[in-house]
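**Student:**
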Amino acid sequence: MSFSKQWPSLLVGFLTLLALGACQQTRPKAKNTLPALPQEGQIQVYFNRSQATYYTEPYRPIERYGDNLEQTLIDNIATARTSIDVAIHELRLPGVAQALAERQRAGVPIRVVLENSYSRPWSGYTSAQIAGLEKRGQNSYREAQAMADLNHDGQVSASEWEQRDALNILRQAGVRWIDDTEDGSAGSSLMHHKFLVIDQRVVIVASANFTPSDVHGDQLQPESRGNANHLLRLESPELAAIYSQEFALIWGDGPGGQQDSRFGLKKPYRPAQAVQVGGVKVEVQFSPTSGTRPWQESVNGLIGRALQSAQRSAHLALFVFSDQNLANVLEVDHRQRGVAIEAVIDPGFAYRSYSEALDLWGLSLPQDCRLEAGNQPWQTSVQTVGVPVLSPGDLLHHKFGVVDAQTVITGSQNWSEAANQSNDENLLVIHSPIIAAHFEREFSRLYDSAVLGPTKRLRQQIQKQQSRCASVQQLKVSKPDEPS
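For the record, in the sequence shown the residue sitting at position 217 is 217 according to our numbering, with numbers rising by one throughout.
1. For residue 150, collect the residues of the same chain with a Cβ closer than 8 angstroms to its Cβ; drop the 5 residues on either side in sequence, then sort them by chain order.
2. Verify whether the separation of the beta carbon atoms of residue 271 and residue 285 is less than 8 angstroms.
3. Which runs of the beta strand (DSSP E) fall wholly inside the segment 307-389 and span at least 3 residues, in chain order?
4. Roughly how many angstroms lie between the CA atoms of residue 23 and residue 64, to the nearest whole one?
5. Quick check: the segment 277-284 against the segment 311-324, are there 3 or more CB pairs under 8 angstroms?
6. Could you work out which residue in 438, 304, 394 is closest to residue 223 when comparing CA atoms only?
7. Looking at C-alpha atoms only, which residue of 439, 43, 461 is the closest neighbour of residue 234?
8. Just to confirm the assignment, what range does the beta strand (DSSP E) spanning residue 243 have?
9. Only counting the same chain, and skipping five residues up and downstream in sequence, which positions put a Cβ closer than 7 angstroms to that of residue 332?
10. Tell me, which residues are paired with residue 46 by DSSP?
11. Does DSSP put residue 51 in a helix, a strand or coil?
12. Which value, in whole angstroms, describes the spacing of the CA atoms of residue 186 and residue 180?
13. What first and last residue would you give for the beta strand (DSSP E) that runs through residue 86?
14. Please name the residue or residues paired with residue 281 in a DSSP beta bridge.
15. Does the count of Cβ pairs from the segment 346-364 and the segment 380-390 closer than 8 angstroms reach three?
16. Mind checking who residue 65 pairs with in its DSSP beta bridge?
17. Using 8 angstroms for Cβ pairs, my map puts residue 227 next to residue 89. What's the rounded Cβ distance?
18. At a cut of 8 angstroms, does the segment 193-203 reach the segment 119-133 through at least three beta carbon pairs?
19. Please look up how many angstroms separate the CB atoms of residue 189 and residue 423, rounded, as I've assumed it's under 8 angstroms.
20. Determine, using beta carbons only, whether residue 420 and residue 328 come nearer to each other than 8 angstroms.
21. If residue 403 sits next to residue 430, beta carbons under 8 angstroms apart, how far is it from one beta carbon to the other, in whole angstroms?
22. Give me the Cα-Cα distance between residue 221 and residue 97, rounded to the nearest whole angstrom.
23. Could you give the DSSP three-state label for residue 75: helix, strand or coil?
24. Whole-angstrom Cβ separation of residue 45 and residue 230, contact assumed at under 8 angstroms?
25. With distances taken from CA atoms, which of 348, 352, 346, 313 is nearest residue 335?
26. Hey, out of 439, 472, 351, whose CA is closest to residue 453's CA?
27. Taking only three categories from DSSP, how would you classify residue 419?
28. Please state whether DSSP places residue 119 in a helix, a strand or coil.
29. Is the beta carbon of residue 91 sitting closer than 8 angstroms to the one on residue 210?
30. If you run the structure through DSSP and keep just helix, strand and coil, what is residue 452?
31. In three-state DSSP terms, what is residue 223?
32. Suppose contacts are defined by Cβ-Cβ distances below 8 angstroms. Is residue 355 in contact with residue 341 by that definition?
33. Just to confirm my understanding: we take residue 386, look at its own chain, exclude 5 residues before and 5 after, and list those with CB closer than 7 angstroms. What are they?
34. Give the single residue among 87, 105, 66 whose Cα lies nearest to the Cα of residue 56.
35. My assumption, with CB atoms under 8 angstroms, is that residue 435 sits in contact with residue 115. Please give the rounded CB distance.
36. Apart from the five residues just before and just after residue 81, which ones in its own chain have a Cβ nearer than 7 angstroms to its Cβ?
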């Protein structure tokens, strides 16, 4: 074999060894951890960047701060005795797959629903198919290769794939799965859920996809510690029944049947429902909601009602913030009641023309001399909105808000129109100061070192657009939602 054909594999091997060497240099000390916060009985929350705990990663020799979200999933899966239903955008964690496979072999029925873009085992891709992937997909494949290369020789054998390819592990165990083409379509907008229902009793809801990048960190980025994410465990047969109804709609009769799965707007509309989980009020609702219905009836409408209850503060940690209606709700909160608005938004989205951070800064950035219809830069702008400082390769992937340190808004749903009107999503509003304290701590971790306010580059972009555009029209503009 020529060197030109060997060098990609050699490069992966070299980068893996480099990453391993750098990883071994980081070892947090227990004396530097924050005190643990109390949990709320039947509701527990975990953060992969928590400063109150630390763990050793399973796929890189790193001892680092954070709750091990994968181990939390594994431990809960291991308790299953009657059933596990999983609806997850992407599943690439070998440990989670092995835990599901073990329960399947023990006779516990396992059902999995995936997004069709991520429903193929990595080990099944040919060289030509890999070359045809978009840049993000190729990067993900290289990460998967690095994780599967157990002997670090720059090659991945069939045996190594068997141990590290999560979907192949499920397939070998006979776990049944479908994706959002099971309804006979080419796929819904995004099957973006991130939840499990265990034994019709326990619900696990996450902001994280079940991938190394979302939970632990990137294999080929030694300083990566995972996209900032969290996971909730709620023990409630009543809440589990509500999530099971959603799962039943998207599962239909399962793989190879009548293609009666219902994704996206094929599902019936259901308003928000409230249940008591160990004495805590929890509201839940699923997307999408048709644009023909009033916005107030949608999941983003539920977010809006929670924000409207604010009397003192609203703290937001968001991957995407592009719903104009939510920005308008916050503006009324701030202007009429003096609610302190503080927010951190992922750097990849905060400065885009459709980002509502611009509204809060009192700015607008035309896109081809057009602004979204209804665009409303704040007359009384705030400079308490910005971007967090993240480890190389990592994202702010949270989708949460905390109102008055009492109420938490969380789930899979990005605060965008696409999530609201097109995607399969879920959202919880949890009325608990105990749970809110955990989210407030995570918000402070991100906010305390954040870069606040508009950047010089953004102001230059705005100035350039203003000088270029003789006039600016307010029209409906494209606001793509990131598949994450």
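Note that beta-carbon positions come from the ideal geometry of N, C-alpha and C, so glycine has one too.
**Tutor:** In short, the structure shows the following:
1. What you label residue 150 is simply residue 150 of the sequence shown in a count that begins at 1. Answer for residue 150: 160, 163, 164, listed in chain order.
2. What you label residue 271 is simply residue 271 of the sequence shown in a count that begins at 1. What you label residue 285 is simply residue 285 of the sequence shown in a count that begins at 1. Against a cut-off of 8 angstroms, the Cβ pair of residue 285 and residue 271 comes out as a contact.
3. 313-318, 340-345, 370-372, 385-387
4. One-based indexing of the sequence shown puts residue 23 at position 23. One-based indexing of the sequence shown puts residue 64 at position 64. Summary for residue 23: the model assigns pLDDT 45, below 50, so the residue's position carries little reliability; its value from the coordinates is reported in the next sentence. Rounded to whole angstroms, residue 23 to residue 64 spans 10 angstroms at the Cα level.
5. Touching, no.
6. Counted from its first residue, the sequence shown places residue 223 at position 223. Answer by Cα proximity: 394.
7. Within the sequence shown, the letter at position 234 stands for residue 234. Nearest option by C-alpha distance: 43.
8. Indexing the sequence shown from 1 puts residue 243 at position 243. Taken as a continuous stretch (DSSP letters only), residue 243 belongs to no beta strand (DSSP E), being part of the alpha helix (DSSP H) at 237-251.
9. Reading the sequence shown from its first residue, position 332 is the one you call residue 332. In its own chain, leaving out the 5 sequence neighbours on each side, no residue places its CB closer than 7 angstroms to the CB of residue 332.
10. Numbered from its first residue, the sequence shown carries residue 46 at position 46. Its beta-bridge partners are 231.
11. Numbered from 1 along the sequence shown, position 51 holds the residue referred to as residue 51. Looking at residue 51 - three-state DSSP - the assignment turns out to be coil, as it is neither helix nor strand.
12. Along the sequence shown, one-based indexing puts residue 186 at 186. Along the sequence shown, one-based indexing puts residue 180 at 180. About 8 angstroms.
13. Against the sequence shown, residue 86 aligns to sequence position 86. Segment 84-88, the beta strand (DSSP E) holding residue 86.
14. Within the sequence shown, residue 281 is the residue found at index 281, counting from 1. Paired residues: 276, 431.
15. Judged by Cβ distances under 8 angstroms, the segment 346-364 makes contact with the segment 380-390, as three or more pairs qualify.
16. Sequence index remark: in the sequence shown, residue 65 carries index 65 (1-based). Residue 65 is bridged to 54.
17. Counted from its first residue, the sequence shown places residue 227 at position 227. Counted from its first residue, the sequence shown places residue 89 at position 89. Cβ-Cβ separation between residue 227 and residue 89: approximately 13 angstroms, too far for a contact (criterion under 8 angstroms).
18. Because the criterion of three Cβ pairs below 8 angstroms is not met, the segment 193-203 and the segment 119-133 do not touch.
19. Locating residue 189 in the sequence shown gives position 189, where the first residue counts as 1. Locating residue 423 in the sequence shown gives position 423, where the first residue counts as 1. Right, the Cβ-Cβ distance comes to about 5 angstroms (below 8 angstroms), so this counts as a contact.
20. For the purposes of this step, residue 420 is taken as residue 420 along the sequence shown, with counting starting at 1. For the purposes of this step, residue 328 is taken as residue 328 along the sequence shown, with counting starting at 1. Cβ distance not < 8 angstroms, so residue 420 and residue 328 don't count as in contact.
21. Counting from one through the sequence shown, the residue named residue 403 turns up at place 403. Counting from one through the sequence shown, the residue named residue 430 turns up at place 430. That belief does not hold up - the Cβ atoms of residue 403 and residue 430 are roughly 11 angstroms apart, past 8 angstroms.
22. The residue labelled residue 221 in the question sits at position 221 within the sequence shown. The residue labelled residue 97 in the question sits at position 97 within the sequence shown. Each residue's alpha carbon lies about 23 angstroms from the other.
23. For the purposes of this step, residue 75 is taken as the residue at position 75 of the sequence shown. The answer is helix: DSSP assigns residue 75 an H, G or I state.
24. In the sequence shown, counting from the first residue as 1, residue 45 sits at position 45. In the sequence shown, counting from the first residue as 1, residue 230 sits at position 230. Yes, they are in contact, since the Cβ atoms of residue 45 and residue 230 sit about 6 angstroms apart, within 8 angstroms.
25. As a first step, residue 335 must be located in the sequence shown, where it is residue number 335. With distances taken between Cα atoms, residue 335 lies closest to 313.
26. In the sequence shown, residue 453 corresponds to position 453, counting from 1. With distances taken between Cα atoms, residue 453 lies closest to 351.
27. What you label residue 419 is simply residue 419 of the sequence shown in a count that begins at 1. Reduced to three states, the DSSP call for residue 419 is helix.
28. Residue numbering aside, residue 119 sits at position 119 when the sequence shown is read from its first letter. Three-state DSSP puts residue 119 in coil, outside helix and strand.
29. As a position in the sequence shown, residue 91 is number 91, starting the count at 1. As a position in the sequence shown, residue 210 is number 210, starting the count at 1. Yes, these two residues count as a Cβ contact at 8 angstroms.
30. Numbered from 1 along the sequence shown, position 452 holds the residue referred to as residue 452. Here residue 452 sits in strand by DSSP.
31. Residue 223 sits at position 223 when you count from the first residue of the sequence shown. Looking at residue 223 - three-state DSSP - the assignment turns out to be coil, as it is neither helix nor strand.
32. Residue 355 sits at position 355 when you count from the first residue of the sequence shown. Residue 341 sits at position 341 when you count from the first residue of the sequence shown. Contact: no.
33. Here residue 386 is taken as the residue at index 386 of the sequence shown, counted from 1. 344, 450, 451, 452, 453.
34. Along the sequence shown, one-based indexing puts residue 56 at 56. Measuring from the Cα of residue 56, the nearest candidate turns out to be 66.
35. Position 435 of the sequence shown holds residue 435. Position 115 of the sequence shown holds residue 115. So it is not a contact: roughly 28 angstroms between Cβ atoms.
36. One-based indexing of the sequence shown puts residue 81 at position 81. For residue 81, where only same-chain residues beyond five positions count, the Cβ hits under 7 angstroms are 108, 199.
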